[in-house]
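Peer 1: UniProt numbering applies: residue 1 is where the sequence shown begins, and numbers increase by one.
Just so it is clear, CB atoms sit at the ideal spot from N, CA and C, and this is done for glycine as well.
Here the structure is a predicted model, which means the values were calculated and not measured.
Before we start, here is the structure in question, set down as structure tokens.
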Amino acid sequence: MSCSKHTAVSPAIDQKVKEVEAKINLSDEQLNSIMLKLMDEMKKGLGKDTNAEAKVKMIPSFVKALPDGTERGSFLALDLGGTNFRVLLVKINEPDAKNSKPNIEMDSQIYKMPEDVITGSGTALFDHIASCMADFLRKLNLLDQKLPVGFTFSFPCKQEGLDHGTLITWTKGFTASGVVGQDIVKMLREAIDRRGEFQCDIVAVVNDTVGTLMSCAHTYPQCKVGLIVGTGSNACYMEKTSNIELLESDDGDMCINMEWGAFGDDGTLDEYRNEYDQHVDEHSLNRGKQLYEKMISGMYMGEIVRLVLCQLTKDGVIFGGLSHDSHLFTAGKFETSYVSQIESFAKVSSKKCDLNAVPGGMTAVQNILASLDIGAIRADCEVVIRVCEAVSKRAAHLCAAGVAAVARKIKANHPEKDDLSITVGVDGTVYKKHPTFSNLMNEKVKLLCKESGVNVDFALSYDGSGKGAALITAVAHRLQRQVVNGY
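Here it is, written out as structure tokens:
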């Protein structure tokens, strides 16, 4: 709370909360150190002799160019990343009279992925996908057209070409047999051939973070970075191909899918992690993995807040000796959405210097706590707000250190430019819906990049897994056309 004159927190409790905040907060010096460590890890991931030991894998996406505004045509986009499967038709038309940008039209439909399909055989899974595609094309009278396709497949893949991705492992409850270790594009092509009802040209397997970059770059030509901060977190950026030692080519640029969530899995971040981070990791399904992501993303933010509140409760600081039967002591019960809601009330109330001055402000926070069987007085609510703010701020600042590392890497690739400006395209529920995350991150990026010769702006990106996949396909078609035409 920014206005202490109205606080109900006693000096003794205030001191206890400050001790917890000190465990969570990171100084600018620490953030600068984290930024430099990530830059070192990026270099390791790009190196031929060091990639194997790197935790940030810096995966080549084989996306070699961004949209230049000349892409035209109709494209299919497929989006598989959970229990829903989405099919989209994306038409990129000539600009209308009022706009210099191409006009984009989209039709889409969502299909359920039944439990017996996602846990059955790989053949049945891809047959179901082909069936959904046929249904969609039939409804739009497009069965007789051979459309280019971009496939957003949001599972870990080893990519060896734009249209070649081998599944490393299933996640998100998928267990379909006979797919791990196989080329998913080949399996989809075979399913389409078995069906025999339509033809298509599968041009690209798309990572959703790369799609985020492409979707934003279509509107903002200076966009060179894609960032997702939602349930998970990841980033991608345009790298000089000559710096990607895993590839033979040294021509032009290529988008690198960083998979930065694994930063710190080798112990690099241990000095910045606290007991709450350690508890989250020890009780996770992927212990020792994705440690950077676990400090940032929406999947874990609420749980970190819950653990801090549990400690303060056990220490007698809040909630008056709450019973251990309370939902507060059950893992996963304090949702990240609660953090956003609580901080939204706090943000408004801080302008009035009093949570009670906001209509329903105190009651709203108390109602959230009541859903966890917690009866809270005003002082309790103020402490909860401070804990939420501390955890959110750290997440935003850690993310800022990552973005600053990427921005400075791009600047290092362009020493001839004294004042480089880049745009970061961002998607994800944490960035879009949390009341303070975006501002906290943006401001800290500017501080970390100060005097480095790079200016960073942010723009919201929309539908990277749909529109972005179609744009990747459209750009690939444009490049193919240029090769055929000899320019």
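Go to phenylalanine 437, then tell me how far its beta strand (DSSP E) extends in each direction, as first and last residue.
Peer 2: Premise fails: phenylalanine 437 lies in the alpha helix (DSSP H), 437-448, not in any beta strand (DSSP E).
Peer 1: Taking all protein chains shown into account, do 16 or more other C-beta atoms lie within 10 angstroms of the C-beta of threonine 171, making it buried, or fewer, making it exposed?
Peer 2: So threonine 171 counts as exposed.
Peer 1: Fully enclosed by the stretch 267-320, which beta strand (DSSP E) runs are 3 residues long or longer?
Peer 2: Correct list: empty.
Peer 1: Counting pairs of beta carbons, one from the stretch 332-345 and one from the stretch 452-471, are three or more of them closer than 8 Å?
Peer 2: Short answer: they don't touch.
Peer 1: Please return the same chain residues whose Cβ sits closer than 8 Å to the Cβ of arginine 481, not counting the five positions on each side in sequence.
Peer 2: Nothing listed; no residue qualifies.
Peer 1: With DSSP run on the structure shown, which of helix, strand or coil describes glycine 226?
Peer 2: Glycine 226 falls in the strand class under three-state DSSP.
Peer 1: Indicate whether the contact test is met: 3 or more Cβ pairs, each with one atom in the stretch 157-174 and one in the stretch 129-147, closer than 8 Å.
Peer 2: The stretch 157-174 is not in contact with the stretch 129-147.
Peer 1: So, under 8 Å CB-CB, valine 203 and threonine 152 are touching, yes? Tell me the CB distance rounded to an integer number of Å.
Peer 2: Not quite, the Cβ-Cβ distance comes to about 12 Å (not below 8 Å), so this is no contact.
Peer 1: From this set, Asp251, Asp250, Arg306, which residue's C-alpha is nearest aspartate 277's C-alpha?
Peer 2: Comparing Cα-Cα distances from aspartate 277 to each of Asp251, Asp250, Arg306, the minimum goes to Arg306.
Peer 1: Short check: CB of threonine 423 to CB of glycine 150, under 7 Å?
Peer 2: Not closer than 7 Å, so no.
Peer 1: Comparing C-alpha positions only, which one of Ala405, Leu369, Ser340 sits nearest to phenylalanine 437?
Peer 2: Comparing Cα positions, the closest option is Ser340.
Peer 1: Report yes or no: do three or more beta-carbon pairs, one from the stretch 429-447 and one from the stretch 241-258, lie closer than 8 Å?
Peer 2: Because the criterion of three Cβ pairs below 8 Å is not met, the stretch 429-447 and the stretch 241-258 do not touch.
Peer 1: Got a sec, what are the start and stop residues for the alpha helix (DSSP H) glutamate 29 sits in?
Peer 2: Looking at the DSSP string, the run of the alpha helix (DSSP H) that includes glutamate 29 is 28-46.
Peer 1: Under three-state DSSP, which class holds leucine 398?
Peer 2: Here leucine 398 sits in helix by DSSP.
Peer 1: Let's test the definition: count the other Cβ atoms within 10 Å of the Cβ of leucine 285 and tell me whether it reaches 16, buried, or not, exposed.
Peer 2: Classification of leucine 285: exposed, given that the 10 Å Cβ count is below 16.
Peer 1: Kindly confirm or deny that the stretch 33-43 and the stretch 104-121 touch, where touching means at least three C-beta pairs closer than 8 Å.
Peer 2: Contact between the stretch 33-43 and the stretch 104-121 is absent, because fewer than three Cβ pairs lie under 8 Å.
Peer 1: Any chance the stretch 321-329 sits against the stretch 406-423, with 3 or more Cβ pairs inside 8 Å?
Peer 2: Touching, no, given that fewer than three Cβ pairs across the two stretches are closer than 8 Å.
Peer 1: Can you pull the DSSP bridge partners for serine 108?
Peer 2: Looking at the DSSP assignment, serine 108 forms a beta bridge with Leu88.
Peer 1: Looking only at its chain, what residues have a beta carbon closer than 6 Å to the beta carbon of alanine 405, apart from the 5 residues adjacent to it on each side?
Peer 2: Correct list, in chain order: Met35, Leu38, Met39.
Peer 1: Roughly how many whole angstroms lie between the Cα atoms of glutamate 382 and aspartate 28?
Peer 2: The straight-line gap from Cα to Cα measures roughly 26 Å.
Peer 1: Using a 10 Å radius around the Cβ and a threshold of 16 neighbouring Cβ atoms, would you call lysine 411 buried or exposed?
Peer 2: When all chains shown are included, lysine 411 counts as buried.
Peer 1: Restricting to runs no shorter than 3 residues, where is the beta strand (DSSP E) found entirely within the stretch 177-262?
Peer 2: Those beta strand (DSSP E) runs which fall completely within the stretch 177-262 and span 3+ residues are 200-206, 223-229, 233-240, 253-257.
Peer 1: From this set, Lys289, Ala400, Lys467, which residue's C-alpha is nearest lysine 55's C-alpha?
Peer 2: It is Lys289.
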